[in-house]
Structures are given as C-alpha cells and as structure tokens.
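Report on the following structure.
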Amino acid sequence: MSQKPFRLYDSLSRQVKVLETQEPNHLRFYSCGPTVYSYAHIGNFRSFVTSDLIVRTARAIGMKVTWVTNITDVGHLTEDDVADAQGEDKMERALRSKEGEQFNNVWELAEYYEDAYKEDWKHLNLVEPNVRPKATQHVREQILAAEELIDKGFAYETPTGVYFSVEKFPEYGKLSGNTQESLRKGVRDVVMDENKHDQSDFAVWKKDDKHLMQWFSPYGWGFPGWHIECSVMARAYLGDTIDLHSGGEDNKFPHHECEIAQSEALTGKPFCGHWVHTSHLQVNGQKMSKSLGNFYYVRGLMKDGVDPLAIRFALISGVYRKNLNFTDQGLVDAATNIDRFKRADETMKAGLEAKRAGENTLGTELEKLYDEALEAMCSDLNTPVAIAKSLEGAKLISKEGDSITLSSAQSAEKFLNLVNDLLGIVRGSFHLQAIQENTSNVDSSRIEALIQERKEAKASKNWARADEIRKALTEEGITLTDNPDGTTSWAQA
RNA sequence: GGUGCCGUGCCCAAGUGGCCUAAGGGGUCGGUCUGCAAAACCGUUAUUCGGCGGUUCGAAUCCGCCCGGCACCUCCA
134 MSQKPFRLYD SLSRQVKVLE TQEPNHLRFY SCGPTVYSYA HIGNFRSFVT SDLIVRTARA
194 IGMKVTWVTN ITDVGHLTED DVADAQGEDK MERALRSKEG EQFNNVWELA EYYEDAYKED
254 WKHLNLVEPN VRPKATQHVR EQILAAEELI DKGFAYETPT GVYFSVEKFP EYGKLSGNTQ
314 ESLRKGVRDV VMDENKHDQS DFAVWKKDDK HLMQWFSPYG WGFPGWHIEC SVMARAYLGD
374 TIDLHSGGED NKFPHHECEI AQSEALTGKP FCGHWVHTSH LQVNGQKMSK SLGNFYYVRG
434 LMKDGVDPLA IRFALISGVY RKNLNFTDQG LVDAATNIDR FKRADETMKA GLEAKRAGEN
494 TLGTELEKLY DEALEAMCSD LNTPVAIAKS LEGAKLISKE GDSITLSSAQ SAEKFLNLVN
554 DLLGIVRGSF HLQAIQENTS NVDSSRIEAL IQERKEAKAS KNWARADEIR KALTEEGITL
614 TDNPDGTTSW AQA
C-alpha cells in the first residue's frame, strides 16, 4: 500500500522529519515508562499519551508497530537526574513515607503502584503495548552489559561501582546539547566522587550491600544504574537499532543521553533514528512539582466525577511539544466535547437499528474529514486540528438526529470507529456512572416519589407546584431533566 | 550563568511568508424546540496575532531591539 509519510519532530536533529523505519512498514518503538514508587500523575500520562498517539497514528497509516514501554521497578537515586548521583533511593523513601506503611517491603510497594499504573492506563484509553518489560526482569542482561562495557574500554570499576567514561564517547551531548565542557562546569557539589575519572561519568552499576533491592554481580552485591535498563530492554526486544524512542522532556538529559552512549558503545551501531520528547504539563498556571504538591492523579479526578476520557481529551487538547496548562475549566470544556462524540455515537447506533431508507448524506463529507484528521496527526501530531475535524464530523452526525438513514448511519459508524482508533476519545472502556452510583448516598426512592408527584402536577397543568419541586431538588444538588419521551431523569451534581 | 521554547478574541488553543478579512472548543448573546427550564440544534462573537522598528509586491508567520511568561541544566514525564 502507498503509505502516507508520518512527520514528527526529532529532538536529535532538531527538525521535523519523516519517520523512517529500518524494516519497511514496521516501526520499532521504545518509550520510557514510569518508576513505580507512587501513582503516576497526569503529567506522566501526558507523555505516555504522546506515545499512544504515535502508535495509533502509525497504525492508521498502515504501519506495523512493535511498541515496548518499560516499568522501572528498581529504585533509583532521587538525584538521578544528575548523570550520576549519590542520593536517597526513591523506592526506599516511598516505603518509609506515610503511604508506604501499608507495604511489607519495596517489592510489594512496586507491585501495588505497577497495578495502579496499568489501571490508570486503561482508564485513559491508552492502547496496550506489545511488551511491558520490568527492569528487575533484566538485571542479568544489565550486569552483562556492564561487563561488556568494561571489556570494550568504555567503563571502569571503582570502589563504589562501575562507571561509564564519558570521554570515551565523544558524541556524548549530541542529544541534549550538554557538551562535556559545559557539564564539567555544571557539576554540583553533591555528586563529587573522587573515585570517578571524570565528574560527568555516570553509573552503570552501583555497589551497595545495604540496598533494599540488590543483586549479586562480579562487583559484589548492588543494583544497576538507571540508564542501563532502557538500553538493555530496548535491545532485548527491538534489536540493536530502534526506529523511535520517546519520553518526557526531562528524560533528554541525562537519561537518554546516557542511553545513547551506552547502547552505541555496546553495539557500535546507531541506537535510535528518531527521538520524541513531550513538554511538561502545567497545572493551573504552575509547574507540577513535589515541592508545590500540586499533582493530579487519574484516580483522584475520577473520584471527583471526572470522566477519564475528558482527562485524556484535556491532555491532547494542545500539541505535545508546547507546554500545556491543565485547568479545572479545561476539564469541563473537555467533558463537553466528549459528550458531543458520545451523542454522535448514540445517533449512529439508533440509525443502525432504525434502518431508515434513503440516501447516504454523510459518507463523502465524513471521509474527507477523517482524511484531514489523519493528515493533521501525521503533521507532528497536531491533535488540536485532528480533534477539530473529528468534532466537525460528530456534529454532522448528530445533526441528522432521528432522521438518519441506514446508509448514513453506516458511514457514521465507520467514521466514529476510525476516529476512536486514531484519537481514543469516542468510547472509553470505563463507565463513570458505575462508581458514582456506588458512592452516592442520596435517597433515590424519595427523589423518584417527588418526580412522580411533579409529573402529576404537570399533567394537571399545576406548573407552580412542578417548578417548586424542581427548584427544591436543585437546591439539594439534584438536577431534573424532562426527556422528549415524557420521562424525567435526574442527576447529582 | 549556560541552553531552548513561547506570548493569537473573555478563557483554552491551531496556524510559522500569499488559500488568514486567523481553524476548533468553552463561554457570551440571539434564535429553534419546550408549559417553563435543561439538553440538543442553528446563528453570533479578533480588519487582528505582546510592544516598537526593519526586510518583502505581500508578515501573526522572517530579522533586530524591548517587555512579559515558561522549560531544561537541579526533585519531576
């Protein structure tokens, strides 16, 4: 098939370029997953959604995609964003925190947050990766990689661990622009380690027989360095050279820079042809940070009655390379839009059942709109335009209402399926009402009785009494809606 | 200090040299429907793109300066 070019910004060459694959029509894609020491927040999910959209778009233009996204279940040093750091371990710290009290050990803690992450993943309607490896399943390969790096002269052993020698890899800095020169100047006091040949050298293996998660290696007890896990897992599942690698913008340095150095040192081949980095999400105009404590979680928002599809919509309502401000108003706007899709979906389904004869008034226009949406996605994931086109189609479908013909409904079904496959915002696998009904403490029989009374009042044209009942319930936070078929439904605010 | 990004209507947000008298959404206002509402549907809402100057036949889009915001280098995707 003639394949549409998929244009994406590449952080390495710093330009938008067509995504190329080594094997024709088969994308090998690796994206960095979370460290499971806490719930993943919506900022984490913004970058996961970017990866999800890449996979969806690639498949929509007929590519085969092998997608690997890891789970980091080994604790890392909390200051691991310095290429090499000494610091407190994230997992260990989480275990000692208040939330950590419920776990017997770090392994349980990691497992708990891993499950939570997968649950949130489903709620946000992310497509399942082909492989979701865990760092702890690949420690053996990480040790082998450390040995090989030493053998090849790229790494050396010290009393504290095995370190990658940055000066042996002259291209270090090509991704982040952090030259070895500028790094030397930028090194903080905390990471001074006189055993290292150069302060910008980073750990491949840390020696530590006190660590809560430790493995035995030729260097004694210890645990792997953070960056080596992704190098090893990407290679294990996707080969020496992968087509695409993604992550949050903060991963660019040091994580991805170090991955490139290690992988290319090991294989002697280019590690990855295309790099994608998602900008950080801001919340109500502020950056999300631990110190500000302004994290939003998928489960927390859902508990407040937010449809997870609306969260997803809000996350993709701006292009991934620009900072996006996540606000309460934005969520409300998103929910309204999700409803538009759901309504179109209902109109379509009703039309399929009614089997009304007549012409197909939608087909041509919907096909054009979908093509435009797909084209937008192929232009560096322009989600706002893709959404605009999809919404236009949804409006056309809804407009048909009860008079939609069978052939129009069939075109609508095709369109909505395609849009849902591309953007994942038409149908969720999760039904919000289910949890809301469980958590509701409202006396529904009393409300039903009042609705019945109001219905009788309406029948006898006693509008005053009918409005009085509705007003009283509104004050309790219950909204009544009179449906066209004469029934009245209610919802809790 | 180094590096990079951004400033578009009341709000969110595309567009990065002519198809822009600037997409789409939210909100507003008006209408259809409804006993009245709500919802839905239809229509309305920027001669203008932070400011000033320049390049060009032509700029929101390129260049310069200024003002404002943000990100990474340091927790965090």
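Note that the first sequence ends on residue 626 in this note's numbering; no numbers are left out. C-beta atoms are modelled at their ideal positions from N, C-alpha and C, and glycine is treated no differently. Just so we're clear, the structure is a prediction, and the values are computed from it rather than from any experiment.
May I ask you to report which of helix, strand or coil DSSP gives R473?
-> Counting from 1 along the first sequence, the entry for residue 473 is found at position 340. It is helical.
DSSP bridge partner residues for A336 (one or two, in chain order) = For the purposes of this step, residue 336 is identified with residue 203 of the first sequence, where counting begins at 1. Its beta-bridge partners are Y296.
CA-CA distance, Q136 and S541?
-> Counting from one through the first sequence, the residue named residue 136 turns up at place 3. Counting from one through the first sequence, the residue named residue 541 turns up at place 408. So the two alpha carbons sit approximately 28 Å from each other.
Per DSSP, the bridge partner or partners of Q148 = For the purposes of this step, residue 148 is taken as the residue at position 15 of the first sequence. DSSP output for Q148 lists D143 as bridge partner(s).
Mark T607 as exposed unless 16 or more other C-beta atoms lie within 10 angstroms of its C-beta, in which case mark it buried.
-> Here residue 607 refers to the residue found at position 474 when the first sequence is read from its first residue. T607 is exposed by the Cβ-count criterion.
Report the rounded CA-to-CA distance for V151 versus L141, giving the unit in angstroms.
-> Working through the first sequence from its first residue, we reach residue 151 at position 18. Working through the first sequence from its first residue, we reach residue 141 at position 8. Looking at the two C-alpha atoms, the distance is approximately 6 Å.
If I'm right that Y170 touches L259 with Cβ under 8 Å, what's the distance once you round it to whole angstroms?
-> Here residue 170 refers to the residue found at position 37 of the first sequence. Here residue 259 refers to the residue found at position 126 of the first sequence. About 20 Å separates the two Cβ atoms, so there is no contact after all.
Rounded Cβ spacing between N263 and T199 (contact assumed at less than 8 Å) = For this step, residue 263 is matched to residue 130 along the first sequence. For this step, residue 199 is matched to residue 66 along the first sequence. Right, their Cβ atoms sit about 5 Å apart.
Keeping to the same chain, check which residues put their C-beta closer than 6 Å to that of N417; ignore five residues upstream and five downstream.
-> Walking along the first sequence from the start, residue 417 turns up at place 284. These residues qualify, in order along the chain: T460.
Under a three-way DSSP split, which group does K594 fall into?
-> The count along the first sequence starts at 1 and reaches residue 594 at position 461. DSSP places K594 in coil when its eight states are reduced to three.
Can you find a heavy atom of the ligand COA that lies under 6 Å from the Cβ of L457?
-> With respect to small molecules bound, the structure shown includes none, and the ligand COA cannot be examined in it.
Exposure label - E533; buried when at least 16 CB within 10 Å | To locate residue 533, count along the first sequence from 1; it is residue 400. Its Cβ being crowded by 16 or more others within 10 Å, E533 is buried.
Since I believe Y163 is in contact with V201 (beta carbons under 8 Å), could you give me their beta-carbon distance rounded to a whole number of angstroms?
-> The residue given as residue 201 occupies position 68 in the first sequence. The residue given as residue 163 occupies position 30 in the first sequence. Correct: roughly 5 Å between the Cβ atoms.
Inter-residue CB distance, M366 and N203 (contact presumed, cutoff 8 Å) = Counted from its first residue, the first sequence places residue 366 at position 233. Counted from its first residue, the first sequence places residue 203 at position 70. The pair is a contact, with the Cβ atoms about 5 Å apart (cut-off 8 Å).
Under a Cβ-count criterion, where at least 16 other Cβ atoms within 10 Å of its own Cβ denotes burial, should S350 be classed as buried or exposed?
-> Translated into the one-based positions of the first sequence, residue 350 becomes position 217. By the 16-neighbour rule on beta-carbons within 10 angstroms, S350 is buried.
Other residues of its chain near E274: CB distance less than 7 Å, five sequence neighbours each side excluded | Here residue 274 is taken as the residue at index 141 of the first sequence, counted from 1. Same-chain partners within the cutoff: V365, A369.
Taking the C-alpha atoms as reference points, what is the distance between A521 and P138?
-> The sequence position of residue 521 within the first sequence is 388, counting from 1. The sequence position of residue 138 within the first sequence is 5, counting from 1. Roughly 21 Å between the two C-alpha positions.
Length at least 4, wholly inside the stretch 225 to 262: the alpha helix (DSSP H) runs in chain order | 239 to 256
Return the chain-ordered ranges of every alpha helix (DSSP H) run that is complete within the stretch 456 to 533 and spans a minimum of 4 residues.
-> 461 to 487, 496 to 510, 516 to 533
Under three-state DSSP, which class holds L627?
-> This structure cannot speak to residue 627, because the chain is shown only from 134 to 626.
When DSSP labels each residue in this structure, what does E608 get in the three-state scheme?
-> Residue 608 sits at position 475 when you count from the first residue of the first sequence. In the structure shown, E608 sits in a helix (DSSP, three-state: H, G or I).
Determine the DSSP secondary structure at Q569, reduced to helix, strand or coil.
-> Position 436 of the first sequence, counted from the first residue, corresponds to residue 569. Any answer about Q569 is weak, because its pLDDT of 46 lies below 50 and its placement is not dependable; what the coordinates show is given next. Looking at Q569 - three-state DSSP - the assignment turns out to be helix.
Where the beta strand (DSSP E) containing V431 begins and where it ends | Locating residue 431 in the first sequence gives position 298, where the first residue counts as 1. Taken as a continuous stretch (DSSP letters only), V431 belongs to no beta strand (DSSP E), being part of the alpha helix (DSSP H) at 431 to 436.
Is it the case that the Cβ atoms of Y352 and K340 are separated by a distance below 7 Å?
-> Counting from 1 along the first sequence, the entry for residue 352 is found at position 219. Counting from 1 along the first sequence, the entry for residue 340 is found at position 207. Contact: yes.
Extent of the continuous beta strand (DSSP E) to which T411 belongs = For this step, residue 411 is matched to residue 278 along the first sequence. Note, T411: beta strand (DSSP E), 408 to 411.
With distances taken from CA atoms, which of L160, K436, D185, I175 is nearest N553?
-> As a working mapping, residue 553 is identified with position 420 in the first sequence. The shortest Cα separation from N553 among L160, K436, D185, I175 belongs to D185.
Would you report the Cα separation of E362 and V272, rounded to the nearest angstrom?
-> Sequence index remark: in the first sequence, residue 362 carries index 229 (1-based). Sequence index remark: in the first sequence, residue 272 carries index 139 (1-based). Roughly 8 Å separates the two Cα atoms.
According to DSSP, is S396 helix, strand or coil?
-> Position 263 of the first sequence holds residue 396. DSSP places S396 in the helix class (H, G or I) of the three-state scheme.
Under 7 Å between the Cβ atoms of H174 and F428?
-> Sequence index remark: in the first sequence, residue 174 carries index 41 (1-based). Sequence index remark: in the first sequence, residue 428 carries index 295 (1-based). Yes. Within cutoff.
Hey, is the stretch 510 to 528 in contact with the stretch 486 to 502, meaning 3+ C-beta pairs nearer than 8 Å?
-> As far as the Cβ criterion goes, the stretch 510 to 528 touches the stretch 486 to 502, which means the pair count is three or higher.
Mapping DSSP to helix, strand and coil, what is G306?
-> In the first sequence, residue 306 corresponds to position 173, counting from 1. Coil at G306, not helix or strand.
Whole-angstrom Cβ separation of D376 and H407, contact assumed at under 8 Å?
-> Walking along the first sequence from the start, residue 376 turns up at place 243. Walking along the first sequence from the start, residue 407 turns up at place 274. Rounded, the Cβ-Cβ distance is 6 Å, consistent with contact.
Helix, strand or coil at H330 [DSSP, three-state] | Here the question's residue 330 lines up with position 197 in the first sequence. Here H330 carries a coil assignment [DSSP, helix/strand/coil].
Per DSSP, cross-strand counterpart(s) of R179 | As a working mapping, residue 179 is identified with position 46 in the first sequence. Beta-bridge pairing links R179 to no other residue.
Near L583, what residues of its chain come up, given a Cβ to Cβ distance below 6 Å and the 5 sequence neighbours on each side ignored?
-> Here residue 583 refers to the residue found at position 450 of the first sequence. For L583, where only same-chain residues beyond five positions count, the Cβ hits under 6 Å are I602.
So, using beta-carbon positions, are F302 and A447 closer together than 7 Å?
-> On the first sequence, residue 302 is found 169 positions in, with the first residue counted as 1. On the first sequence, residue 447 is found 314 positions in, with the first residue counted as 1. Against a cut-off of 7 Å, the Cβ pair of A447 and F302 comes out as no contact.
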